[in-house]
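Just so you know, we're using our numbering here: the sequence shown kicks off at 2 and counts up by one.
Some notes on the structure that comes next.
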Amino acid sequence: MRYSGLPFYGIAALLVAFLSGVRSQAQDATPMPSVAPERLSVSEAVTRAKKYNPLPSSAQARLRGAAALASGAARQPNPNLALARPFGSSNTGGFGEDVIASQTLEPPDKIRYRTQAARATRDAATADRLGADVDIILSTKAAYFEALRADAEVEQASNLLAATRRFADAAQIQFDAGDAPRSNVVRSQIELSRAEQTLLAAQTDRDNRYATLRSLIGLTEAMPLLLTDALVYEPKTYDLSALLPLATQTRPDVLSARRLLAARGADVRGAKAQRQPDLVVEGRHATLFGNSGDQNTTLQGDSVRVGVVFPIFDYGRIRADVGNSQALRDEQEANLREAERVARLDVETVFRERRQAVLLVESFQNGRLTRSKEILEMVNTGYANGANSYLEVIDAQRVYQLEQVEYARALAAVNTATARLERAVGGKLP
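What follows is the structure, given as structure tokens:
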């Protein structure tokens with residue numbers, strides 16, 4: 002027996018199933034939360050992340066420390082004051098020094114190289130601070146786009162489940178009326194279970210994506226979010242040959258490595274400068290105790306001494322410091338080359354990934370979405386006229402839903418790749 006037409010009872014069953022599906026959706030609708038949702042755009046999310054995420058605060062603290070060291074590196078050593086009461090002055094011929102003020106003055110080379118190293122380290126910390134912002138911007142944008150993508154998948158999964166449930170109800174009614182075989186009911190129940198699991202997986206993924214976004218911007222789980230921006234595609238192209246130089250010129254981690262190399266070079270010169278003599282200025286107050294007949298005499302006097310202090314010969318400590326500084330410089334030079342290599346590779350990789358995502362989005366916009374919708378409409382029309390089965394409608398609905406999901410994923414991939422490309426070149430695209 003063939004079921005090429007749609008009998009009266011089948012039409013009535015489909016109408017009842019559709020109305021019951023609409024009513025069940027209204028009953029299953031999630032109630033409005035008691036707390037108004039936090040409206041959040043991408044720029045607002047980035048601002049909150051910069052304020053509440055601990056990574057920028059950590060980088061800022063390191064920068065303050067490096068700046069403090071840089072401000073003190075140019076200073077001369079602190080003066081020393083020694084106060085003492087002489088005992089046993091007879092052992093020194095009655096001469097005792099009770100006040101000694103001394104000041105060591107380092108030569109210009111020692112101060113200059115130490116200052117260069119400290120300032121270069123401060124500049125590296127400045128680049129690290131900028132890099133923390135660039136990283137948090139990428140993380141926040143990616144989390145925002147993924148949350149939007151998850152919203153779209155939940156919406157499509159909900160639509161598919163609603164359609165599948167309506168057809169499952171219709172299949173059961175048709176079977177009870179004797180207008181459809183048992184296999185249709187079994188198949189519709191299988192499709193219904195698949196749709197339910199798809200929706201459950203989409204909801205779980207959405208919850209995880211929103212949890213990631215809340216964690217980045219400092220919101221609690223109890224605060225509902227309403228993302229005000231949408232996944233959009235802006236057809237903008239970039240020139241790889243223009244992006245590659247930016248990776249080694251403006252990228253924070255490369256700048257930090259380059260400035261640390263300058264600091265290590267200054268450390269080498271500073272270690273060699275330890276062989277230079279220091280100037281020492283001392284002011285001394287002394288008391289001379291003596292005997293004159295039966296009377297004790299006490300004479301006091303002041304003196305100023307100027308001299309130099311320098312190592313007579315090196316036991317190996319200065320040589321070891323120089324060798325260690327040179328090794329650290331060579332290590333940092335290799336680190337810089339590696340950072341530049343990684344930066345260039347990062348730009349090339351992300352550039353190609355974005356180009357692929359752009360081509361995918363454009364393929365959807367240039368006909369894929371339209372064709373999937375056209376197929377669904379054609380199958381629905383055929384089903385209404387008895388030319389297609391409801392299983393064909395479910396298959397067409399699933400194809401359309403999958404195309405919508407893939408389109409949302411492609412949009413998220415383009416936006417995320419653009420954010421990654423911004424980070425790869427240092428935070429700003431040309």
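Just so it is clear, CB atoms sit at the ideal spot from N, CA and C, and this is done for glycine as well.
Y391 has its alpha-carbon roughly 7 Å from the corresponding atom of Y384.
According to the DSSP assignment, N81 belongs to no alpha helix (DSSP H) but to the beta strand (DSSP E) extending over N81 to L84. Within the same chain, and ignoring the five residues on either side of S42 in sequence, the residues whose Cβ sits closer than 6 Å to its Cβ are T229 and D230. The C-beta of E147 has 16 or more other C-beta atoms within 10 Å across all chains shown, which makes the residue buried. Sixteen is the threshold: when 16 or more other Cβ atoms of the shown chains lie within 10 Å of the Cβ of F352, as they do, the residue is buried. Within the model, the alpha-carbon separation for T249 versus E235 is close to 27 Å. By the criterion of a C-beta distance shorter than 8 Å, I191 is surrounded by no residue of its chain, once the five residues flanking it on both sides are discounted. The DSSP assignment places 226-228 and 279-293 as complete runs of the beta strand (DSSP E) inside the region 219-305, in order along the chain (cut-off: 3 residues). Between the region 259-266 and the region 71-78, the count of Cβ pairs shorter than 8 Å is below three; the stretches do not touch. Distance from the CA of A264 to the CA of A60, rounded to the nearest whole angstrom, comes to 19 Å.
The DSSP-derived three-state label of E147 is helix. Two segments are said to touch when three or more pairs of C-beta atoms, one from each, lie closer than 8 Å; by this definition the region 154-169 touches the region 193-207. Taking all protein chains shown into account, V269 has 16 or more neighbouring C-beta atoms within 10 Å of its C-beta and is therefore buried.
Using a 10 angstroms sphere on the CB of Y114, the tally of other CB atoms reaches 16 or more, which defines it as buried.
The region 214-233 makes contact with the region 46-64; the number of CB pairs closer than 8 Å reaches 3 or more. When the alpha-carbon of E283 is set against those of L422, L337, G308 and D254, the nearest one is in G308. Counting along the chain, the unbroken alpha helix (DSSP H) around E393 starts and ends at Y391 to A425. Closest in alpha carbon position to A37, among D134, G368 and A223, is A223.
Runs of the alpha helix (DSSP H) spanning 4 or more residues and lying entirely within the region 310-389 occur at 318-364 and 370-385, in chain order. Cβ atoms of L422 and Y401 stay farther apart than 8 Å, at about 32 Å. Per DSSP, R40 is one residue of the beta strand (DSSP E) stretching across E39 to L41.
Contact holds between the region 240-255 and the region 125-138, because three or more Cβ pairs, one in each stretch, are under 8 Å apart. Of all alpha-carbon atoms in G66, L412 and T105, the one lying nearest the alpha-carbon of R306 is that of T105. Leaving aside the five residues that flank Q405 on each side, the residues in its chain whose CB is nearer than 6 Å to its CB run, in chain order, Q157. Under the three-state reduction of DSSP, E197 is assigned to helix.
Contact check for N386 against A397 fails: the beta carbons are separated by 9 Å or more. With contacts defined as CB atoms closer than 9 Å, A164 and V186 fail to qualify as a contacting pair. Boundaries of the alpha helix (DSSP H) around Q61: P55 to A74. Assigned with DSSP and collapsed to three states, A133 falls in helix. Put simply, the backbone Cα of V310 is about 9 Å away from that of Q277. By the beta-carbon neighbour count (other beta carbons within 10 angstroms, threshold 16), A358 is buried.
Secondary structure of E107 (DSSP, three-state): coil.
If you draw a straight line from the Cα of I138 to the Cα of S326, it is about 36 Å long. Of the other Cβ atoms in all chains shown, 16 or more fall within 10 Å of the Cβ of R150; this residue is therefore buried. The C-beta distance from V281 to S58 rounds to 44 Å, too long to meet the 8 Å contact threshold. Take E341, set aside five residues on each side of it, and the residues of its chain with a beta-carbon closer than 7 Å to its own are T249 and V255, in chain order.
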